[in-house]
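Going by the UniProt record's numbering, 315 is the number at position 315 of the sequence shown; the sequence numbering is gapless.
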Amino acid sequence: MRRKLTLKDVSRESGLSTFTVSRALAGAEGVSKESREAVLRVAEEMGYVPNLAAQKLRGVASSTIAVITAGTSNAYYLDMMNGIQAVAQDMDQTVVLTDIAIGGVYDIGRERQTIQRLLEGRVGGVISTLTLLPESVKRLEDWEIPIVFVDSSPPEELPYVPSVTTDNYNASLLVGAHLQSHAFQDWLLLVYPPIWSSRKERERGLRDAAAKAGATIEVVEAGNNAASASKALRDCLGRRGGRLPDILIAGNNPILLGAFQVARERNTIIPDNMAMVCFDDFPFAPYLDPPVTVLNERSEEIGRLSAHMLTEIMSAQIEARKAGKPAAPIYTNEHQLQVPVDLVVRRSCGCPDPTRSRS
Numbered sequence: 001m002r003r004k005l006t007l008k009d010v011s012r013e014s015g016l017s018t019f020t021v022s023r024a025l026a027g028a029e030g031v032s033k034e035s036r037e038a039v040l041r042v043a044e045e046m047g048y049v050p051n052l053a054a055q056k057l058r059g060v061a062s063s064t065i066a067v068i069t070a071g072t073s074n075a076y077y078l079d080m081m082n083g084i085q086a087v088a089q090d091m092d093q094t095v096v097l098t099d100i101a102i103g104g105v106y107d108i109g110r111e112r113q114t115i116q117r118l119l120e121g122r123v124g125g126v127i128s129t130l131t132l133l134p135e136s137v138k139r140l141e142d143w144e145i146p147i148v149f150v151d152s153s154p155p156e157e158l159p160y161v162p163s164v165t166t167d168n169y170n171a172s173l174l175v176g177a178h179l180q181s182h183a184f185q186d187w188l189l190l191v192y193p194p195i196w197s198s199r200k201e202r203e204r205g206l207r208d209a210a211a212k213a214g215a216t217i218e219v220v221e222a223g224n225n226a227a228s229a230s231k232a233l234r235d236c237l238g239r240r241g242g243r244l245p246d247i248l249i250a251g252n253n254p255i256l257l258g259a260f261q262v263a264r265e266r267n268t269i270i271p272d273n274m275a276m277v278c279f280d281d282f283p284f285a286p287y288l289d290p291p292v293t294v295l296n297e298r299s300e301e302i303g304r305l306s307a308h309m310l311t312e313i314m315s316a317q318i319e320a321r322k323a324g325k326p327a328a329p330i331y332t333n334e335h336q337l338q339v340p341v342d343l344v345v346r347r348s349c350g351c352p353d354p355t356r357s358r359s
């Protein structure tokens with residue numbers, strides 16, 4: 001672990017006083033434009049990050065967990081946050097939320113800006129729902145800030161970084177086996193971009209399941225939001241001459257919403273004209289007409305597990321600092337967890353509603 005840079009290092013490299021450097025980095029008045037630009041340039045080149053937590057007396061940074069989401073319209077994140085908050089409350093920690101894919105649209109500039117803000121605030125740890133850039137993870141490591149990925153994998157270059165995920169491949173095989181039981185032959189997967197790492201294994205599992213069932217599968221990519229999903233599905237149906245698939249598989253609930261909108265426009269009767277299933281459970285799935293068959297990924301449990309994992313790593317760092325030892329986060333094989341899933345069968349896939357009484 002490299003030595004942390006200080007204000008004096010920037011002062012020495014820029015040739016300006018620590019007073020000027022401090023005011024330039026804080027955006028305060030009394031510093032010329034040329035001096036401010038010189039300080040910011042030197043700080044960026046050196047990799048210096050000002051400690052805004054200390055400047056603003058925000059207290060102990062190690063008590064704060066930052067959760068990076070990727071589109072808060074997805075109900076998955078709401079349940080996941082419930083799990084994280086429950087653990088954080090027990091541990092007397094503060095949770096802050098930041099979104100790098102507002103409206104389901106990922107922004108690389110927002111990711112870099114977010115990482116910079118988290119470093120400046122000296123958060124104690126990070127939980128990310130999206131695979132971040134390797135450089136982002138490395139920057140956190142340089143400042144001894146641990147990270148746990150949830151519902152997403154760490155960057156391929158950094159496989160040792162902790163994660164709590166679903167076994168998306170086998171989960172997709174489970175969905176596919178159920179579709180095979182209905183003898184569906186024409187499958188359509190409406191799914192988000194591959195920047196969300198769960199896409200790869202979900203698609204691979206469904207392709208293998210379709211091949212085993214002797215079915216065809218068409219993969220249609222949309223942005224990770226309802227409006228984009230609606231447009232992508234309309235375009236797809238236009239290419240198909242209006243012919244509906246036997247089964248539409250929605251990658252998550254925002255995409256499902258977009259598919260429902262198109263179905264309503266076309267007066268499509270579900271599941272008579274086209275069946276539907278969805279990855280990720282959501283609270284109102286049983287109350288739609290028809291109730292939706294979903295793959296329940298236990299997002300609240302994933303949230304609890306990720307928060308427990310992160311706080312254990314953070315606690316070990318605190319003990320190391322007390323003992324005067326290096327406090328870099330220590331990751332082990334136990335920090336790679338996969339949570340089992342459940343297929344919740346309802347009427348949208350063509351099954352009878354199990355909640356209805358039989359005479």
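Just so you know, even glycine gets a beta-carbon here, dropped at the ideal spot from N, CA and C.
Computed from a prediction, not measured in an experiment: that's the story for all the values here.
Rounded straight-line distance, which links the Cα of residue j to that of residue i
i	j	result
P155	N267	43 Å
P340	R298	8 Å
G83	H308	10 Å
T98	L140	16 Å
L233	V220	8 Å
A70	R202	18 Å
G121	A213	52 Å
L206	L78	26 Å
R347	P271	7 Å
D142	A250	39 Å
A101	A222	14 Å
L248	A183	14 Å
L173	P146	33 Å
C351	T293	9 Å
L119	D246	49 Å
E301	L179	27 Å
V10	I115	20 Å
L132	K322	31 Å
G47	L5	8 Å
I195	S181	32 Å
residue 362	F279	As displayed, the chain neither begins before 1 nor continues past 359, which places residue 362 out of reach and without an answer.
M81	T129	11 Å
K8	S14	10 Å
R358	P283	Annotation note: pLDDT 38 at R358 (below 50); position unreliable, coordinate value reported separately. Roughly 25 Å between the two C-alpha positions.
I313	D107	29 Å
T311	S152	19 Å
R117	V96	12 Å
M276	V150	26 Å
E144	Y331	12 Å
A54	S22	The pLDDT assigned to A54 is 48, lower than 50, so where the model puts this residue is not dependable; a value taken from the coordinates is nonetheless given after this. Their backbone Cα atoms lie some 13 Å apart in a straight line.
Per-residue DSSP class, three states only, for residue i
i	result
T129	coil
F184	coil
V31	coil
V164	strand
L174	helix
I102	helix
T20	helix
L179	helix
V95	strand
V148	strand
V39	helix
S357	No answer about S357 holds up, because its pLDDT of 39 lies below 50 and its placement is not dependable.
A53	Note that A53 has pLDDT 46, beneath the 50 cutoff, so the model's placement of it is unreliable and the number below is only indicative. Of the three classes helix, strand and coil, the one that applies to A53 here is helix, per DSSP.
Run of the beta strand (DSSP E) containing residue i, from where it starts to where it stops
i	result
E319	Careful: E319 lies outside any beta strand (DSSP E), inside the alpha helix (DSSP H) at S299 to K322.
T64	T64 to T69
T216	T216 to E221
L158	First-last for L158: undefined, no H or E at that position.
V339	Q336 to V339
V344	D342 to V344
Limits of the alpha helix (DSSP H) - the one that residue i falls within
i	result
I84	A75 to D90
A118	For clarity, residue 118 is Leu in the given sequence; the question names Ala instead. Looking at the DSSP string, the run of the alpha helix (DSSP H) that includes L118 is I108 to G121.
residue 364	With the chain represented from 1 up to 359, any question about residue 364 goes unanswered, as that position is not in the structure.
V10	L7 to S14
residue 386	Limits of the chain in this structure are 1 at one end and 359 at the other, which puts residue 386 out of reach.
Whole-number beta carbon distance between residue j and residue i, since they are thought to touch under 8 Å
i	j	result
D186	A215	7 Å
S63	T20	Not quite, the Cβ-Cβ distance comes to about 33 Å (not below 8 Å), so this is no contact.
L244	M274	4 Å
H335	P162	4 Å
E218	L188	5 Å
A226	G258	4 Å
V126	A66	5 Å
Quiz prompt | Inside the stretch 233-300 only - alpha helix (DSSP H) runs reaching at least 4 residues | solution = Qualifying alpha helix (DSSP H) stretches, in chain order: 253-265.
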